Amino acid sequence: MADTPDIAAVKASLLDLQDRICNALAAEDGGDGFREDAWDRPGGGGGRTRVLEGGALIEKGGVNFSHVFGEGLPASATAHRPELAGRSFQALGVSLVIHPANPYVPTSHANVRFFIAEKPGEDPVWWFGGGFDLTPYYGFEEDVVHWHRTAKAACDPFGEDVYPRYKQWCDDYFHLKHRDEPRGVGGLFFDDLNDWGFARSFAFMQAVGDSYIPAYLPIMQRRRDIAFGEREKDFQRYRRGRYVEFNLVYDRGTIFGLQSGGRTESILMSLPPEVSWRYDWHPDPGTEEARLYEVFLRPRDWLAED
587 MADTPDIAAV KASLLDLQDR ICNALAAEDG GDGFREDAWD RPGGGGGRTR
637 VLEGGALIEK GGVNFSHVFG EGLPASATAH RPELAGRSFQ ALGVSLVIHP
687 ANPYVPTSHA NVRFFIAEKP GEDPVWWFGG GFDLTPYYGF EEDVVHWHRT
737 AKAACDPFGE DVYPRYKQWC DDYFHLKHRD EPRGVGGLFF DDLNDWGFAR
787 SFAFMQAVGD SYIPAYLPIM QRRRDIAFGE REKDFQRYRR GRYVEFNLVY
837 DRGTIFGLQS GGRTESILMS LPPEVSWRYD WHPDPGTEEA RLYEVFLRPR
887 DWLAED
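Residue numbers for the sequence shown follow the numbering used here, so the first one is 587 and each next one is one higher.
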């Protein structure tokens, strides 16, 4: 069949995406770039983790490629998909988180992935997933509008309903239920994508991955040289605590990686280098910290007046 899943093509595309993202971010940082750590998973497969720490722009950033496979899926994968029980699986993806040093530059996350489960004598079960989202500490409407405009441009060739649907899914997914609070200003999130067929679904995953650097780099460039002091760093560390809470409590990729025996260092590369928590803290009224909560941590249509 012409639309049969092509795992080799997906893998080649993801490896190339990792290269291009790392090259662009390393050039912007201007330092020694990412160091690579190739690893093998005892249960099958492996990956290459690339980490940049202590850069002039990027305090800590990780861009991870993984291709893992095995004969049995963890309970987290089969609880809501019983048809996956007893199948072998392969999971491929690129996942990245960038934590800049300057609090005026937002943290960003992106992920694109492909999953396939197979069983002799039966059709494979497969899907694509991914997206990207932005977590500012100090809000600039220009940045958020640009982020969402770029997300919409990636979606537009696939249908006018795609951006609003996956924008809403992102708002719903990156929400800390225990705090009733968004993690950031959203972007795109999609999962279980297979109803377009392999070729079109694959093309959409590529479009999302390709749009990350055009979405993020202009924001980094605009904000990287804004002066900041200990007040801003302190608030950045506090808000990073929300990032840690989400990743360890809710994030599907983190949960799947840990339960499937993935490499812990690579899975937890997304965690920031410095973070703090305070008991029942609230920003002072009228401050830029309060404005983050009042204006930006409220899901809205950022392109309504675009």
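The beta carbon of each residue, even a glycine, is placed where N, CA and C say it ideally should be. On a predicted model such as this, the values are computed, not experimentally measured, just so you know.
To the nearest angstrom, how far is it from the Cα of residue i to the Cα of residue j?
| i | j | result |
| --- | --- | --- |
| Ser-797 | Ala-737 | 7 Å |
| Arg-667 | Arg-810 | 44 Å |
| Ala-890 | Arg-627 | 46 Å |
| Ser-599 | Gln-792 | 8 Å |
| Phe-784 | Gly-656 | 22 Å |
| Asn-609 | Arg-808 | 19 Å |
| Glu-728 | Gln-754 | 20 Å |
| Trp-625 | Gly-632 | 5 Å |
| Val-730 | Glu-708 | 45 Å |
| Ala-642 | Met-806 | 12 Å |
| Ala-687 | Asp-758 | 28 Å |
| Leu-682 | Pro-858 | 12 Å |
| Asp-766 | Pro-885 | 12 Å |
| Trp-713 | Phe-700 | 6 Å |
| Trp-782 | Tyr-723 | 37 Å |
| Gly-616 | Lys-819 | 22 Å |
| Pro-750 | Gln-845 | 32 Å |
| Ile-799 | Leu-883 | 23 Å |
| His-653 | Asp-618 | 26 Å |
Decide if residue i is buried, meaning its Cβ has at least 16 other Cβ atoms within 10 Å, or exposed.
| i | result |
| --- | --- |
| Ala-677 | buried |
| Pro-692 | buried |
| Gly-648 | buried |
| Lys-646 | buried |
| Ile-812 | exposed |
| Gly-843 | buried |
| Trp-867 | exposed |
| Tyr-865 | exposed |
| Ala-740 | buried |
| Thr-721 | buried |
| Arg-828 | buried |
| Trp-863 | exposed |
| Ala-613 | exposed |
| Asp-589 | exposed |
| Val-835 | exposed |
| Pro-543 | Nothing about residue 543 can be reported from this structure: the residues present for the chain run from 587 to 892 only. |
| Gly-815 | exposed |
| His-764 | exposed |
| Asp-837 | buried |
Tell me which residues share the same chain as residue i and place their Cβ nearer than 7 Å to its Cβ, disregarding the 5 neighbours each side in the sequence.
| i | result |
| --- | --- |
| Gly-717 | Asn-697, Tyr-752, Cys-756, Gly-773, Leu-774, Phe-775, Phe-776, Val-794 |
| Pro-629 | The sequence shown places Gly at residue 629, not Pro. Correct list, in chain order: Gly-656, Gly-847. |
| Leu-762 | Arg-769, Arg-828, Glu-831, Phe-832 |
| Gly-839 | Ser-681, Asn-697 |
Starting from the C-beta of residue i, find all residues in its chain whose C-beta is less than 8 Å away, skip the five residues before and the five after it, and write them out in chain order.
| i | result |
| --- | --- |
| Met-587 | For Met-587, the predicted structure reports a pLDDT of 42, less than 50, and the residue's modelled location is therefore unreliable. The matter cannot be settled from this model. |
| Asp-870 | Ala-876 |
Tell me which residue opens and which closes the beta strand (DSSP E) that residue i is part of.
| i | result |
| --- | --- |
| Leu-720 | 711–721 |
| Trp-867 | Per DSSP, Trp-867 belongs to no beta strand (DSSP E) and is neither H nor E. |
| Thr-693 | 693–704 |
| Ile-644 | 644–656 |
| Ser-674 | 674–686 |
If residue i sits next to residue j, beta carbons under 8 Å apart, how far is it from one beta carbon to the other, in whole angstroms?
| i | j | result |
| --- | --- | --- |
| Gln-822 | Pro-689 | 4 Å |
| Phe-651 | Arg-634 | 5 Å |
| Asp-719 | His-695 | 5 Å |
| Phe-790 | Phe-760 | With 8 Å as the limit, Phe-790 and Phe-760 do not qualify as a contact, their Cβ atoms being about 20 Å apart. |
I'd like the list of long-range same chain contacts for residue i, defined as Cβ closer than 6 Å, with 5 residues on each side in sequence excluded.
| i | result |
| --- | --- |
| Glu-920 | This structure does not reach residue 920, given that the chain is present from 587 up to 892, and the question cannot be answered. |
| Ala-801 | Trp-733, Thr-736 |
| Ala-703 | Leu-670, Arg-673, Phe-675, Val-711 |
| Leu-878 | Gly-725 |
| Arg-636 | Cys-608, Phe-620, Glu-622, Val-649 |
| Ser-856 | Val-683, Asn-833 |
| Arg-826 | Pro-858, Val-861 |
In the DSSP assignment, find the alpha helix (DSSP H) that holds residue i and state where it starts and stops.
| i | result |
| --- | --- |
| Val-730 | 727–741 |
| Val-830 | 816–835 |
| Val-748 | 748–759 |
| Val-596 | 593–615 |
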